Structures are given as structure tokens and as C-alpha cells.
Amino acid sequence: METNQNHLAIPIIKIPQGRLGMWVLIAGELVIFGGLICCYLLFRIRYPHWGAMAANTNTFIGALNTVVLLLSSYTIVRAHGAAVKLDIAKARLWMMCTLLGGVMFLVDKSIEYAHEISEGFTFTSPKLVAAGDHVGSLFWSFYYIMTGLHGAHVLAGMTAIFIVMMQIRKGNNMHRVELVGMYWHMVDLIWIFLFPLLYIAK
Amino acid sequence: MTTTILKPGINVGLEDSHGPGNFEPIHNSPDHDNVVFATAETDYHGHPHYGRVLVTLLLLLGVSLTVGYVFSPGIAIALIFLTALWKVVLVVRNFMHMKYEPLFVFIAVAAVALIIYAFFFGVYPDITAVPRDVTYPH
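Residue numbers (our numbering), protein chains in the order written: chain X, 1 to 202; chain W, 203 to 340.
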């Protein structure tokens, strides 16, 4: 025990393995989304017509989802703060708020998808193709891949948060609150880029 | 040096916990020397003012939504992406606590940005060199 206390007495300069692992995972995820975003940007530069397609996305829902994700990023750091102070009840409450944010994001996204699909903007957009607008159809393929992949990450993050929320009930594995938080922030980061690309820059 | 459980009920090893109230070290192997666990006493990093960061993020979102109405499209898009970059920096530094990490973590993440940058210009000719009309092969 004494050895351990000595260990704690020296300044902590090394990174916890959990955090290091999360950074590696995040770096990998950023490469995936970065590649997609690069391709989107290149096609957007090549085909300015995509600006007109982007005008069909719902900026209000996009902005609302941005606010929801930013707020949920805040709630998960508060959960981490509470976990460090060993306040299990508060940590679980903040995590619950984060989950609520995730649910709200997915509901908004579903409403948006339903509207776009009803307008004929689907993954292959046969209506546009029939009209000879292959470039426009390509925009929607990118749109659904990028937002769909992001939505899958939101779902994965929510699942991880829920599992950790269950694990910390008895005070076990409290450090994992921060780790799932880091993943959730990554989901937020990606949306920060997707939002201007798909919703604002028209 | 070894790692240990620092508080009763807070079992924070690499492996699954052994239950609350366990004061025994989980790992005694020298292989785990670089494992450092955070508790209230030995928090791995500091905590910035999260509320202030959130307000700044929301203000930046407001800016990115309004610039389109004020400036010409070219300037507006540049400003929109500048605010997006600013938001990313705020989230990474404060919410993900990058500013408390060792330099090598920053370098690892910055390397990703470099890879993406290289990818962009590597793929650029492939996309810009194709014919302007996109049609399905018959």
C-alpha cells in the first residue's frame, strides 16, 4: 500500500491506458469520417450544382440537432465531473440526460429522413436519375452515407453510455464514465463538420 | 510501481471490477506500471469551466447560422467553416481534455489531420479529372 501511495505522490505524467485507447479509437474514426468528408468536399467543388441539392435539407432540424449534441456533450462532462467526486446518483442523472439528448437527436433525424424520402430524395433518388440529374442523385448518396454512419455512431455511443450507467450503480468502473464521454464528444465533433457541409453551405 | 484501488467501492482497474469495497490492488505486474487511475484526490486532469465553453459553442453556432444573411456566399462559407473549426478546438481542448494530455497524444491526433490533408490532395486529380457529366454506363 505504501508503494502505491508513493506512486501517487509523484506528478502524474503518464496517460491512463483507457484514455490512450480511446484516443486511438477516436483517431481511427476520424480517418473514416475525414475521408468521407474530403470526398464530399471534392465533389462539391467539382459540381457546384450540389449547393441546390443542399437547399433541400432542413436547416432548422440540423441546427436543433447541433444544439442537442452540444448540450449532451455538456451533460456527459458533468457526469464525468460527478464520477470523479464519487457522486454516483448525479453521474447517473447526467448520463441519463445525455441519453435523452441522443434519443432526441435520432428522433429529429428520423423526422428529417421521412420528409426527405417523401420528397423523392433517397439513397439512389430514382426521380432525379429519371430526370437526368445524376449529379444531384450522387449528393443524396453522400448525404445518407455520412448522416447514416454518424447516426450509427450516435446509437453506439448511447449503448455504451447505457452499459456504463448500469455498471456504475454500485460504484464500479467509475473511470469508464470519462471514456464513454470521450466517444460521445467525438460524435459531437463529427456533427460539427457535417452540419455546415450539408445544411448551411448552400 | 503498481496500481491500486484508491477508494472503497471505486474499483477502477483495466479488467472488470471485483466488487465494491475492494481495497486490494488489481494489478501487481510491472507490465501495468503506466496505468494511472483518476479519483477525486488524484484527478488525471483539471476541469475547465464547462458552462462557459457550452455558451461559447452555442454563440458560435448562432454566428454560423447568421453569417449567411450578412455576407456574400464566399465570405459566409469561409466564416462558417472557421467557426466550425473553432468549435472543434473548444470541444477537443476542454470537453475531451486534450489540453491536459501529453504532447504525444496531440501529435497522434494531429497526424490524422495530416493524413486527411494528404488524402484530399491525393484524390483531388481523380475527381477533378473525370468528365463533368456523371452518367451510368450503358
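Even glycine gets a Cβ: it sits at the ideal position worked out from N, Cα and C.
Quantities reported herein were computed from a predicted structural model and do not represent experimental measurements.
Three-state secondary structure assigned by DSSP to X:Asn172:
Three-state result, X:Asn172: strand.
Where W:Asn236 sits in the DSSP three-state scheme
With a pLDDT of only 46 at W:Asn236, under the threshold of 50, the placement of this residue in the model should not be trusted, and no figure is reported.
Could you tell me whether the Cβ of W:Ala280 comes closer than 8 angstroms to any Cβ of chain X?
Interface criterion not met: the Cβ of W:Ala280 is under 8 angstroms from no Cβ in chain X.
Quick check: the Cα distance between X:Phe195 and X:Ile15, rounded to an integer number of angstroms?
Roughly 32 angstroms separates the two Cα atoms.
Where does X:Thr57 fall in DSSP's three states?
The answer is coil: DSSP assigns X:Thr57 none of H, G, I, E or B.
Environment of X:Asp188 [buried if 16+ CB atoms lie within 10 Å]
Under the 10 Å beta carbon count, X:Asp188 is surrounded by 16 or more other beta carbons and is classified as buried.
Anything in chain X within Cβ reach of W:His251, meaning under 8 angstroms, just list it in chain order.
Chain-ordered listing is empty here: chain X has no CB closer than 8 angstroms to the CB of W:His251, the nearest sitting near 11 angstroms.
Return yes when the Cβ of X:Met165 is within less than 8 angstroms of the Cβ of X:Arg92, no when it is not.
One thing to note: X:Arg92 has its Cβ within 8 angstroms of the Cβ of X:Met165.
Taking the alpha helix (DSSP H) that W:Ile282 falls in, what are its first and last residues?
Run containing W:Ile282: 275 to 292, per the alpha helix (DSSP H) assignment.
Helix, strand or coil: how does DSSP classify W:Asp328 here?
W:Asp328: helix per DSSP, three-state reduction.
Just to make sure I have the definition right: I need the residues of chain X whose C-beta is within less than 7 angstroms of the C-beta of W:Leu256. Which are they?
Within 7 angstroms Cβ-Cβ: Leu70, Tyr74.
Below 8 angstroms, how does it come out for the stretch 35 to 45 of chain X and the stretch 151 to 158 of chain X: are there three or more Cβ pairs, yes or no?
As far as the Cβ criterion goes, the stretch 35 to 45 of chain X does not touch the stretch 151 to 158 of chain X, which means the pair count is below three.
Would you check if the distance between the CB atom of W:Phe273 and the CB atom of W:Leu261 is smaller than 8 angstroms?
No. Outside cutoff.
X:Tyr113, DSSP secondary structure in three states:
In the three-state DSSP reduction, X:Tyr113 falls in the helix class (H, G or I).
Give a yes or no on whether 8 angstroms exceeds the smallest Cβ distance from X:His115 to chain W.
No, no contact with chain W.
Distance check for X:Gly28 and X:Val129, CA to CA, integer angstroms please.
The straight-line gap from Cα to Cα measures roughly 35 angstroms.
Roughly how many angstroms lie between the CA atoms of W:Ile228 and X:Gly21, to the nearest whole one?
Confidence in W:Ile228 is poor, its pLDDT being 40 and thus under 50, which makes the residue's placement too unreliable to answer from.
Member of X:Val77, X:Phe105, X:Arg169 whose CA lies at the smallest distance from the CA of W:Gly248
In terms of Cα proximity to W:Gly248, the closest of X:Val77, X:Phe105, X:Arg169 is X:Val77.
Amino acids of chain W, ordered along the chain, whose beta-carbon sits closer than 8 angstroms to that of X:Gly35:
Going along chain W in sequence order, the residues near X:Gly35 (Cβ under 8 angstroms) are Ile318, Phe321.
Do you know offhand how far X:Ile61's Cα is from W:Ser266's?
Straight-line Cα distance between these residues: approximately 15 angstroms.
Give me the Cβ distance between X:Trp23 and W:Val311, rounded to the nearest whole Å; I'm assuming they're in contact under 8 angstroms.
With a Cβ gap of about 7 angstroms, X:Trp23 and W:Val311 count as contacting.
For the structure I just gave you, are there three or more beta carbon pairs, one from the stretch 304 to 323 of chain W and one from the stretch 85 to 105 of chain X, closer than 8 angstroms?
These segments do not touch.
For the stretch 176 to 189 of chain X, which residues have a beta carbon sitting closer than 7 angstroms to at least one beta carbon of chain W?
Met182, His185, Asp188, Leu189: these are the residues of the stretch 176 to 189 of chain X whose beta carbon lies less than 7 angstroms from some beta carbon of chain W, given in chain order.
For X:Ser72, which three-state DSSP category applies?
Residue state, collapsed to three classes: helix.
Counting Cβ pairs closer than 8 angstroms, one from the stretch 99 to 110 of chain X and one from the stretch 134 to 145 of chain X, do we hit at least three?
Judged by pairs of C-beta atoms under 8 angstroms, the stretch 99 to 110 of chain X does not touch the stretch 134 to 145 of chain X, as fewer than three such pairs exist.
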